Amino acid sequence: MTIQTPFETHDVFNQSPPYENVDLFANDRPLRDAVAAYGAGAEADGLSDFGRRWGATEMFEAARLANENTPKLKSFDTKGFRRDTVEFHPAYHEFMAASMADGLHASTWTAEGRRAAAPAEVARAARYYMVAQVENGHQCPITMTRACVGALAVEHAVLGRLAPKLMARQYDPSFRPWWEKSAITLGMGMTEKQGGTDVRTNTTTAAPAGEGYRITGHKWFMSAPMCDAFLVLAQAPGGLTCFLMPRFRPDGSVNGLRFQRLKDKLGNRSNASSEVEFVEAFAWRVGEEGRGVRTIIEMVQLTRVDCCIGSAGMMRMALSQALHHARHRTVFQRRLADQPMMRQLLADMALELEGVTTLMIRLCAALDRAAADPAEAAFARLLTPAVKFWICKAAPGFIYEAMECLGGNGYVEELPLARIFREAPVNAIWEGSGNVMCLDVLRALAREGEAAEAVLGGLARATRDLPGSAEAAGFIAETLQAPDGEARAR
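Just so you know, our numbering puts the end of the sequence shown at 540, numbered straight through with nothing missing.
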């Protein structure tokens, strides 16, 4: 029990109590409704238990510690041997262990690496969304590990060897060869100094060497550098190709990844993002030479979906903090929540978030249904970049609005809103910024015109009872198909 010591000059009153020990699922009606509407209603009890565990006081405190105590690069060991490791605060490892125990990295796959049956995507999305409300940074390696499985599916032999370690509901942070570990995580590296979006300009090269390749070059951004292997793009003799690069060579020696430094980022502080050079680093080819982008695109779609979920989760925490404060704070002899202007603002924010939550879960339901329904597969392909554009770009402004509801209390680091505000832009930038998302929608329309028309028609029918929806759907179709569509796509 905390003993409150009185001040000599004043009493402390009219401050909201801490927002902690909450059930992040039971308290979130839009999430409960969306989960039930898209086939995961039977998961409600488990999701509520999950929500209570992640809404505990200890988890919020661990989030503070993981972000205030940022990762540190350790290039050498105590004897001078090159190690290239990153040291994290214990709180970061606690989050990794908790997320992997709950299967956020693996629950959408079978033990063999095939798509799990519905509603695996919807149920995972609900959990991921709740985790993002507490600590979003550690979800980077969680997301990449889950998404890499989609790309590795083209190499059955490689996936078969890795699958037992990838699907394990354990966390093993030790730095040793992947085959000696109880569980592993995977990352990726595509961006180079001369460009991130246009990966075909990559200069990193790959030369065949025995059963693998030797890769020489660099990556300008490679997050979660303590992953056990990375999907990377490099120029092979046959063109841009996807490779899997482990931290250790098959002989057990440390592979040629040389981390130059860790990025000093605006947010996402608990997670390490590195600059790395490859010095004849060993790697296995994934897919055919020259088809690197096509091979890795499955992973990109899944990471984009997680950007949507994570941003929605951060928006939810921001609204929860604003509502909690407004219900306990009195202004001019009335609760802040009862003031007409504040009540209207909170209602507008709640309505926007309900739309965000429902759309995010609907997108994940499309992934659940895609294998059996071509229309749902088309929905997922076309809507993933569009949903990422809207939700991830909306999040920073939404969170700032919540900060204003708390006034100065929302601006200080003691509460999580300042951290969440700094965290939010990363999802709009990661895996393609707003312009890239718009270009991807245009490309999907050009490649799959009939499917895209069917998706837009379905959206128009689903929203036909909403004022102005028919006009909006028509405007979207006309704009995206216009000769100057690229200039107008945003």
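In this text, a Cβ means the ideal position worked out from N, Cα and C, and glycines have one as well.
Bear in mind the structure is a predicted one, so any value in this text is a computation, not a measurement.
Residue 224 in three-state terms, based on DSSP
Your numbering for residue 224 matches position 174 in the sequence shown. Correct three-state label for residue 224: coil.
What three-state label does DSSP hand residue 566 in the structure shown?
Here the chain comprises residues numbered 51 to 540, so residue 566 is not present and cannot be evaluated.
Outcome for residue 247 when other beta-carbon atoms lying within 10 angstroms are tallied against a minimum of 16
Reading the sequence shown from its first residue, position 197 is the one you call residue 247. The residue is exposed, with fewer than 16 neighbouring Cβ atoms inside 10 Å.
Can you tell me the Cα-Cα spacing of residue 226 and residue 330, whole angstroms?
Residue numbering aside, residue 226 sits at position 176 when the sequence shown is read from its first letter. Residue numbering aside, residue 330 sits at position 280 when the sequence shown is read from its first letter. Roughly 19 Å separates the two Cα atoms.
Inside the segment 353-439 only - beta strand (DSSP E) runs reaching at least 3 residues:
none
Tell me which same chain residues have a C-beta within less than 6 Å of the C-beta of residue 199, skipping the five on either side of it?
By one-based count along the sequence shown, residue 199 stands at place 149. Take residue 199, set aside five residues on each side of it, and the residues of its chain with a beta-carbon closer than 6 Å to its own are 159, 163, in chain order.
In terms of residue numbering, what span does the beta strand (DSSP E) encompassing residue 238 cover?
For this step, residue 238 is matched to residue 188 along the sequence shown. Element bounds for residue 238: 236-239.
Sheet register partners of residue 326 (DSSP bridge):
Taking the first residue of the sequence shown as 1, we reach residue 326 at position 276. DSSP output for residue 326 lists 269, 309 as bridge partner(s).
Please list the terminal residues of the continuous alpha helix (DSSP H) segment that includes residue 99.
Translated into positions along the sequence shown, residue 99 becomes position 49. Residues 94-104.
Spatial neighbours of residue 115 within its chain, please: C-beta separation below 7 Å, excluding the five flanking residues on both sides.
Locating residue 115 in the sequence shown gives position 65, counting from the first residue. Same-chain partners within the cutoff: 139, 141.
Excluding five sequence neighbours on each side, which residues of the same chain lie with their C-beta closer than 8 Å to the C-beta of residue 456?
For the purposes of this step, residue 456 is identified with residue 406 of the sequence shown, where counting begins at 1. Only 371, 372, 375, 465, 467 meet the Cβ criterion.
Keeping to the same chain, check which residues put their C-beta closer than 8 Å to that of residue 254; ignore five residues upstream and five downstream.
In the sequence shown, residue 254 corresponds to position 204, counting from 1. Taken in chain order, the residues that qualify are 242, 265, 266, 267, 268, 269, 282, 283, 284, 285, 328.
Is it true that the CB of residue 221 sits closer than 7 Å to the CB of residue 591?
Nothing can be reported for residue 591: it is not among the residues displayed for the chain, which extend from 51 to 540.
Taking the alpha-carbon positions, what's the residue 235 to residue 72 distance?
For the purposes of this step, residue 235 is taken as residue 185 along the sequence shown, with counting starting at 1. For the purposes of this step, residue 72 is taken as residue 22 along the sequence shown, with counting starting at 1. Using only the alpha carbons, I get a separation of about 30 Å.
Between the C-alpha atoms of residue 392 and residue 211, what's the straight-line distance to the nearest angstrom?
The residue given as residue 392 occupies position 342 in the sequence shown. The residue given as residue 211 occupies position 161 in the sequence shown. Roughly 56 Å separates the two Cα atoms.
Please classify residue 251 as buried or exposed, where buried requires at least 16 neighbouring CB atoms within 10 angstroms.
One-based indexing of the sequence shown puts residue 251 at position 201. Around the C-beta of residue 251, fewer than 16 other C-beta atoms lie within 10 Å, and the residue is accordingly described as exposed.
Examine the Cβ distances between the segment 180-190 and the segment 426-434 and report whether three or more of them are shorter than 8 Å.
No, the segment 180-190 is not in contact with the segment 426-434.
Using the DSSP secondary-structure output, state which residues sit across from residue 126 in a beta bridge.
Counting from 1 along the sequence shown, the entry for residue 126 is found at position 76. Paired residues: 132.
Tell me whether residue 285 sits in a helix, a strand or coil according to DSSP, three-state version.
Your numbering for residue 285 matches position 235 in the sequence shown. Strand, per DSSP.
Take residue 297 and list the residues in its own chain whose beta-carbon comes closer than 6 Å to its own, dropping the five residues that flank it on each side.
By one-based count along the sequence shown, residue 297 stands at place 247. Only 278, 305 meet the Cβ criterion.
Check whether the Cβ atoms of residue 294 and residue 336 sit closer than 7 Å, and answer yes or no.
Translated into positions along the sequence shown, residue 294 becomes position 244. Translated into positions along the sequence shown, residue 336 becomes position 286. Cβ distance < 7 Å, so residue 294 and residue 336 count as in contact.
So what does DSSP say about residue 304, is it helix, strand or coil?
Translated into the one-based positions of the sequence shown, residue 304 becomes position 254. Note: residue 304 maps to strand in three-state DSSP.
Could you spell out the range, first to last residue, of the alpha helix (DSSP H) harbouring residue 529?
If you number the sequence shown from 1, residue 529 lands on position 479. Start and end: 519-531.
Spatial distance of residue 444 from residue 383 (CA atoms)
Here residue 444 corresponds to residue number 394 of the sequence shown, with the count starting at 1. Here residue 383 corresponds to residue number 333 of the sequence shown, with the count starting at 1. In this structure, the straight-line span from the alpha carbon of residue 444 to that of residue 383 is close to 34 Å.
Give me the Cα-Cα distance between residue 136 and residue 449, rounded to the nearest whole angstrom.
Mapped onto the sequence shown, residue 136 falls at position 86. Mapped onto the sequence shown, residue 449 falls at position 399. For residue 136 and residue 449, the distance between alpha carbons rounds to 31 Å.
According to DSSP, simplified to helix, strand and coil, what is residue 67?
Locating residue 67 in the sequence shown gives position 17, counting from the first residue. Three-state result, residue 67: coil.
Once DSSP output is grouped into helix, strand and coil, what is the label at residue 331?
Translated into the one-based positions of the sequence shown, residue 331 becomes position 281. Residue state, collapsed to three classes: strand.
Kindly indicate the opening and closing residues of the alpha helix (DSSP H) around residue 543.
This structure cannot speak to residue 543, because the chain is shown only from 51 to 540.
Going by C-alpha to C-alpha distance, which of 208, 288, 273 sits closest to residue 261?
Residue 261 sits at position 211 when you count from the first residue of the sequence shown. Looking at the Cα atoms, 208 is the closest of the given residues.
I believe residue 361 touches residue 411 by the beta-carbon criterion, under 8 Å. Please report the beta-carbon distance rounded to the nearest angstrom.
Walking along the sequence shown from the start, residue 361 turns up at place 311. Walking along the sequence shown from the start, residue 411 turns up at place 361. 14 Å between Cβ atoms; not a contact.
Beta-bridge pairing of residue 255 - partner residues as DSSP gives them
Counted from its first residue, the sequence shown places residue 255 at position 205. According to DSSP, which records beta bridges pairwise, residue 255 is partnered with 266, 285.
Considering only the beta carbon of each residue, do residue 326 and residue 272 sit closer than 7 Å?
As a working mapping, residue 326 is identified with position 276 in the sequence shown. As a working mapping, residue 272 is identified with position 222 in the sequence shown. A contact, by the Cβ cut-off of 7 Å.
Alpha carbon to alpha carbon, what distance is there between residue 88 and residue 97?
Sequence index remark: in the sequence shown, residue 97 carries index 47 (1-based). Sequence index remark: in the sequence shown, residue 88 carries index 38 (1-based). Cα to Cα, the separation comes out at about 15 Å.
Here's the rule: buried if 16 or more other CB atoms are within 10 angstroms of the residue's CB, otherwise exposed. What is residue 129?
Your numbering for residue 129 matches position 79 in the sequence shown. Exposed, since its Cβ has fewer than 16 Cβ neighbours within 10 Å.
Bridge partners of residue 292, per DSSP?
In the sequence shown, counting from the first residue as 1, residue 292 sits at position 242. Bridge partners of residue 292: 283, 336.
Classify residue 196 as buried or exposed, calling it buried when 16 or more other Cβ atoms lie within 10 Å of its own Cβ.
As a position in the sequence shown, residue 196 is number 146, starting the count at 1. Taking all protein chains in view, the Cβ of residue 196 is crowded by 16 or more other Cβ atoms within 10 Å, so the residue is classified as buried.
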